[in-house]
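Visitor: Following this message is one structure expressed as structure tokens.
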Amino acid sequence: DQQVKQNSPSLSVQEGRISILNCDYTNSMFDYFLWYKKYPAEGPTFLISISSIKDKNEDGRFTVFLNKSAKHLSLHIVPSQPGDSAVYFCAASATGAQKLVFGQGTRLTINP
Amino acid sequence: SQTIHQWPATLVQPVGSPLSLECTVEGTSNPNLYWYRQAAGRGLQLLFYSVGIGQISSEVPQNLSASRPQDRQFILSSKKLLLSDSGFYLCAWSAAYGYTFGSGTRLTVV
């Protein structure tokens with residue numbers, strides 16, 4: 001039972017354009033969502049998060065949007081840079097839960 | 001500041017050999033600790049988590065086990081490795097905003 005789904009295994013974007021990574025979830029108890037970025041042979045690093053009381057959180061070039069009714073969130077990166085090429089994981093948790101549930105990841109490639 | 005150490009970085013082991021991966025956390029007490037695996041072309045799969053010394057929760061049946069002998073130490077083990085145990089193993093601890101991950105161990109079973 002995949003509670004957090006990233007249906008696009010890969011995405012290719014031109015440098016300078018906007019990258020949009022999508023994530024869907026099924027558990028209505030999830031109330032906190034995170035995005036992680038992972039380079040090969042390294043551990044994932046925290047990128048940005050959003051609580052369910054918000055619908056948008058922005059940090060520099062990164063913005064996360066949350067649509068609770070659709071159980072959907074997205075990560076926008078603008079402008080995209082070559083260093084953004086990595087695997088991006090969406091994750092979710094519920095208040096009181098001891099663990100994060102991760103999506104399968106989306107490999108983002110920024111082309112010059 | 002809090003840091004997480006994971007070793008070794010890479011490991012090549014023959015089928016049937018034992019395994020021991022260690023993870024330690026500094027700068028915090030009583031953290032929640034986690035072992036994840038990223039198999040080739042797949043996402044992050046939670047293997048075990050621990051909310052305290054000696055307390056281990058297993059998420060999926062498998063050939064691996066975990067132990068937490070000390071508050072800030074989390075060990076992933078196997079008595080006999082299988083080819084399917086190959087993957088990238090990540091330790092993490094639960095920080096205020098989510099998880100902080102270690103640098104990972106690339107395990108290749110041959």
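Chains as they are written, first to last, in my numbering: chain U, 1 to 112; chain B, 1 to 110. C-beta atoms are modelled at their ideal positions from N, C-alpha and C, and glycine is treated no differently. Predicted model, so just to flag it, every value in this text is computed and none were measured.
1) Which residue spans inside the region 12-90 of chain U form an unbroken beta strand (DSSP E) run of at least 3?
2) Name the chain U residues that come within less than 9 angstroms of GLY98 (chain B), Cβ to Cβ?
3) Applying the criterion that 16 or more other CB atoms from any shown protein chain within 10 Å of the CB defines a buried residue, is GLY96 (chain U) buried or exposed?
4) Using a Cβ-Cβ distance cut-off of 8 angstroms, determine whether ASN32 (chain B) contacts chain U.
5) Excluding the five sequence neighbours on either side, which residues of its own chain have a C-beta within less than 6 angstroms of the C-beta of ARG17 (chain U), listed in chain order?
6) I'd like the span of the beta strand (DSSP E) that includes GLY98 (chain B), first residue to last.
7) Which of the three DSSP states, helix, strand or coil, is assigned to SER50 (chain B)?
8) How about VAL103 (chain U): is its C-beta nearer than 8 angstroms to some C-beta of chain B?
9) Just by C-beta distance, which residues in the region 42-67 of chain B are closer than 7 angstroms to chain U?
Guide: The short version:
1) Entirely contained in the region 12-90 of chain U, the beta strand (DSSP E) runs reaching 3 residues are, in chain order, 19-25, 30-38, 45-51, 56-59, 62-67, 72-77.
2) Here residue 98 (chain B) corresponds to residue number 98 of the second sequence, with the count starting at 1. The contacting residues are TYR32, LEU34, TYR36, PHE46, SER49, ALA91, SER93, LEU100.
3) Residue mapping note: residue 96 (chain U) aligns to position 96 of the first sequence, counting from 1. Classification of GLY96 (chain U): exposed, given that the 10 Å Cβ count is below 16.
4) As a working note, residue 32 (chain B) is residue 32 in the second sequence. It does: the Cβ of ASN32 (chain B) has a partner Cβ on chain U nearer than 8 angstroms.
5) Your numbering for residue 17 (chain U) matches position 17 in the first sequence. Excluding sequence neighbours, ARG17 (chain U) sits near SER80.
6) Translated into the one-based positions of the second sequence, residue 98 (chain B) becomes position 98. Looking at the DSSP string, the run of the beta strand (DSSP E) that includes GLY98 (chain B) is 98-101.
7) Position 50 of the second sequence, counting from 1, holds the residue named residue 50 (chain B). The three-state reading of DSSP puts SER50 (chain B) in strand, counting E and B together.
8) For this step, residue 103 (chain U) is matched to residue 103 along the first sequence. Sequence inspection shows Gly at residue 103 (chain U); the Val mentioned does not correspond to that position. True, the Cβ-Cβ gap to chain B drops below 8 angstroms.
9) Within the region 42-67 of chain B, the residues whose Cβ lies closer than 7 angstroms to some Cβ of chain U are ARG42, GLY43, LEU44, LEU46, TYR49, VAL51, listed in chain order.
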